[in-house]
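Here the protein sequences line up with chains A and B, keeping their order. Sequential numbering of the first sequence, starting at 1, is according to our numbering. Sequential numbering of the second sequence, starting at 1001, is according to our numbering. Beta carbons: idealized from backbone N, C-alpha and C, even for Gly. All values derive from a computational prediction rather than experimental measurement.
There are 2 protein chains.
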Amino acid sequence: MRDSSDKTPIWKAIASALRSDLAEGRYTPGDKLPTEAALANRFGVNRHTVRHGISVLVEEGLVRTRRGAGAFVAATPTDYPIGQRVRFHENLNAAGRRPEKRRLALDERAATIGEAQALQIEAGDPVCAYHGLLLADGQPIAVFESLFPLARLGGITAALKETSSVTEALSVVGIDDYTRASTRLTAVRATATHALLLHVAEGDPLLRSSSLNHSQGGLPVESGRTWFAGDRVTLTLEA
Amino acid sequence: MRDSSDKTPIWKAIASALRSDLAEGRYTPGDKLPTEAALANRFGVNRHTVRHGISVLVEEGLVRTRRGAGAFVAATPTDYPIGQRVRFHENLNAAGRRPEKRRLALDERAATIGEAQALQIEAGDPVCAYHGLLLADGQPIAVFESLFPLARLGGITAALKETSSVTEALSVVGIDDYTRASTRLTAVRATATHALLLHVAEGDPLLRSSSLNHSQGGLPVESGRTWFAGDRVTLTLEA
DNA sequence: TGATAAAATATGTATAGTTGTATAGAAAAG
DNA sequence: CTTTTCTATACAACTATACATATTTTATCA
């Protein structure tokens, strides 16, 4: 490979070799690639040359690496429709992914001025704060923070302890349906905490959504913020 | 590479995530933290990485671990009430901590324009500048800078040389009572100097308080700035 | 009921494997 | 001569696994 008169660098050759392996379905999303040492041995080159090749695929978003664990085939971005009714579990099932929610915190506290304004309650009124992680096929795709006004939804904290589903919890406290009233999107850089939870690098771009859900009566029942890992989710907006 | 190589090590991020949980009062002294396995699952990392993070908190004295039992909260951030009367020693005693003040500088000089305005004196008028460190149970929690108008409080410099207590020193010069007229709070990043004094990392978040205390007569007797270590103190505001 | 043993939990320790980073140097190309 | 490519080495950070040891819970039996 080296002695012949090809002028393409070895690391590029390795990159395209691996890329065609992926294209052929030799490895499927979530699979672990051989270790760098194994690849170096297979190609008869130094580990750093292999690393250079892999880094190309990482740049392209085809592969994700985890220190100490290995290199894994990246899953294609999940389509996440933002419409009148935004339901995590339904969205992911529709996208053919296995939805999972991981609770990070759940407590009751007083609302700040800004939060109160959004929920149309008084500052200091009690709210339920639900903080967690959204996963698709076991891979973290977003961090969320939901606020529920306790004045209108007494008992929702207890309900959320039983089920991770917001829809179900709201149903328990008498809200059978709720619709998205507003969604605001901005791009931000990942903080250390978000980076840790989402398994991205600090400073990586995130898609932040600030949303408000209303009950059928037109009153706010949930105010949420969600940070999506930019390269794992594609938000789709319906008319 | 994009993924997994944060600028801040994972174990540090975990340590600060847990630390802020403590600061927010999510766990109170005696409470059991989630198991290492649960935390590893929550953060999506290996148990050893979590252990590394926890060991930081153990070093800091915030957490105590018992083999076979779990990790327990040893101490939580000191509650520091900001009300009409703000007294360091009383505040810490009420919080069950041992208060201590360490003097860093004490001198007399001319007031700058801004300082004079706050103290309602003329620019250039002499003031006493008192600079020091506040500690709780021997751990530094804040850096303060107090200014006293010498025109109204002659002899306070000498008094402050005898006692570290502002309340006592003011009493010596005839001020038996004083009340908080205003408090302004902002979040800032720790400078190298503050970081050194407070035993935090440069750039860590500090809570800066700019305050003004009046005598019973309604005249300013002290203008102060205090930098609290964000994760060691919780300022509580009374009505 | 109460004591005891077994099982399940949870932290502590040890070892090896994998990726990330830093440094230095040789070889080839421009 | 300088830059790029590749090699070589060493170490840091994180993962994976296994097992030891202490604690708590559960089951069992007198």
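Residue 117(A) carries a helical assignment under DSSP once its states are collapsed to helix, strand and coil. Residue state for residue 82(A) is assigned as strand, using DSSP reduced to three classes. With fewer than 16 neighbouring CB atoms inside 10 Å of its own CB, residue 68(A) falls in the exposed class. Around the beta-carbon of residue 1184(B), fewer than 16 other beta-carbon atoms lie within 10 Å, marking it exposed.
Under a criterion of Cβ atoms nearer than 9 Å, the residues of chain B adjacent to residue 140(A) are, in order, 1044. Close partners of residue 105(A) in chain B (Cβ separation under 8 Å): 1021, 1026. Classified as buried, residue 97(A) has 16 or more neighbouring CB atoms from the shown chains inside 10 Å of its CB. Excluding the 5 residues flanking it on each side, residue 1122(B) has same chain C-beta neighbours closer than 7 Å at 1116, in chain order.
In the structure shown, residue 1179(B) falls within a strand segment according to DSSP collapsed to helix, strand and coil.
Scanning 61(A), 36(A), 204(A) for the CA closest to the CA of residue 227(A) turns up 204(A). The beta-carbon separation of residue 1071(B) and residue 1054(B), rounded to 6 Å, stays under the 8 Å limit for a contact.
As DSSP reads the structure, residue 1131(B) sits in a beta bridge with 1105(B), 1145(B). Residue 1007(B) reaches chain A at 202, counting residues in chain order whose Cβ is nearer than 7 Å. In summary, residue 31(A) is exposed, with fewer than 16 beta-carbon neighbours lying within 10 Å of its beta-carbon over all protein chains present.
The residues 77, 79, in chain order, have a CB closer than 6 Å to that of residue 234(A) in the same chain once the five nearest residues on each side in sequence are set aside. Under DSSP, residue 73(A) takes part in a beta bridge, and its partners are 63(A).
In the DSSP assignment, the residues bridged to residue 1224(B) are 1146(B), 1211(B). Distance check between residue 1086(B) and each of 1151(B), 1180(B), 1033(B) places 1180(B) closest, using alpha-carbon atoms only. For residue 1196(B), there is no enclosing beta strand (DSSP E); the enclosing alpha helix (DSSP H) covers residues 1192-1198. Rounded to the nearest whole angstrom, the CA to CA distance from residue 182(A) to residue 164(A) is 23 Å. A direct Cα-to-Cα measurement between residue 1095(B) and residue 47(A) gives close to 57 Å. Contacts with chain B (Cβ-Cβ distance below 8 Å) from the stretch 181-210 of chain A involve 192, 193, 195, 196, 197, 199, 200, 201, 202, 203, 204, listed in chain order.
For residue 188(A), the three-state secondary structure derived from DSSP is strand. Per DSSP, residue 1233(B) is one residue of the beta strand (DSSP E) stretching across 1233-1237.
Residue 102(A) reaches chain B at 1042, counting residues in chain order whose Cβ is nearer than 7 Å. Residues of chain A whose Cβ lies closer than 8 Å to the Cβ of residue 1010(B) are, in chain order, 196. Contact residues of the stretch 1082-1101 of chain B toward chain A are absent (C-beta to C-beta distance below 8 Å).
If the five residues before and after residue 1131(B) are omitted, its C-beta is found closer than 6 Å to the C-beta atoms of 1104, 1105, 1145, all from its own chain and listed in chain order. Following the DSSP letters along the chain, one finds residue 1169(B) inside the alpha helix (DSSP H) bounded by residues 1166-1172.
Chain-ordered, the chain A residues with CB closer than 8 Å to the CB of residue 1013(B) read 192, 193, 195, 196. Residue environment: residue 93(A) is assigned as exposed (fewer than 16 neighbouring CB atoms within 10 Å of its CB, all protein chains considered).
Residue pairing by DSSP puts residue 1100(B) in a beta bridge opposite 1135(B).
In terms of beta-carbon proximity, residue 1017(B) lines the interface with chain A, with at least one pair separated by less than 8 Å.
Residue 211(A) and residue 173(A) have their C-alpha atoms roughly 21 Å apart.
For residue 37(A), the uninterrupted alpha helix (DSSP H) segment begins and ends at 36-43.
The DSSP-derived three-state label of residue 110(A) is strand.
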